Each structure stands twice: as C-alpha cells, then as structure tokens.
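Just so we're aligned: 233 in our numbering is position 102 of the sequence shown, and the numbers increase by one with no gaps anywhere.
In this text, a Cβ means the ideal position worked out from N, Cα and C, and glycines have one as well.
These numbers were taken from a predicted model, which means no experiment stands behind them.
Single-structure report; data block below.
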Amino acid sequence: MEFCPKCGSVLIEKNKKYRCAKCNYVAKKKVKIEASEKIAKKQEVGIIKDKDTDVFPTTTETCPKCGNREAYFWSAQTRAADEAETRFYRCTKCKHTWREYR
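Shown next as structure tokens:
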C-alpha cells in the first residue's frame, strides 16, 4: 500500500494510474500493493488433574457407597435465598459425591 507524499492519504487506482483522492497527486512509478497478516500462536490450555482440585476441608462423614469415614465438604445455595444451603460431600477414598439438605 502506498501513501501520498504530499498529504499522506492512501493512493487509489483510477484509469490505470495511482492517484491521491484528496490532492490529486499522481504516482510516477508503479505502485506495489501487498497485504499481509500475522497470526499469533495460540497459548496452550493447562489441564487440571482431579488430584489437584481436592483442596476442600475434610470432615468425619460416612460414605454411603464404600463406608469410608472421611469426606471433603463444601456448601452451596441451590434453592431460594431464604432457605438453608445444601452441603456437598465427596469421599476421600472412592470420590463418590452426595448431598445433604439442612
């Protein structure tokens, strides 16, 4: 892409000549029009393994599936705001998840 040396506008082709649309400057040499694009390399997405996500506190709760007496726990508001929250448990041994409404 070439620009006008007088006013800085882009030169456009008109009647096989390259002219400035603002000041009517005519290019004396052949104008080379070239387009290019740089594509950035995408960053890789990190993978979190299941063992890396077990950062919950533990409590003594019996697993209904394997009978283990230790489980991770967390709570979430799953119903209306004026109702009690739901407590979730995940067994530290078999990874079975269950919930308890309070």
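- Three or more beta-carbon pairs separated by less than 8 Å link the region 213-233 to the region 185-202, which places the two stretches in contact.
- Here DSSP, grouped into helix, strand and coil, assigns Ala212 to coil.
- For Tyr220, the CB contacts under 6 Å within the same chain, skipping 5 residues up- and downstream, are Glu192, Ala202, Phe204, Trp229 in chain order.
- The DSSP-derived three-state label of Ser167 is coil.
- In this structure Arg150 touches Val157 by the C-beta definition: roughly 5 Å separates them, less than 8 Å.
- Counting of Cβ neighbours within 10 angstroms places Cys194 among the buried residues, the total reaching 16 or more.
- Look at Val157 here: in three-state DSSP terms it is strand.
- With distances taken between CA atoms, Cys138 lies nearest to Ala152 out of Ala152, Glu144, Lys196.
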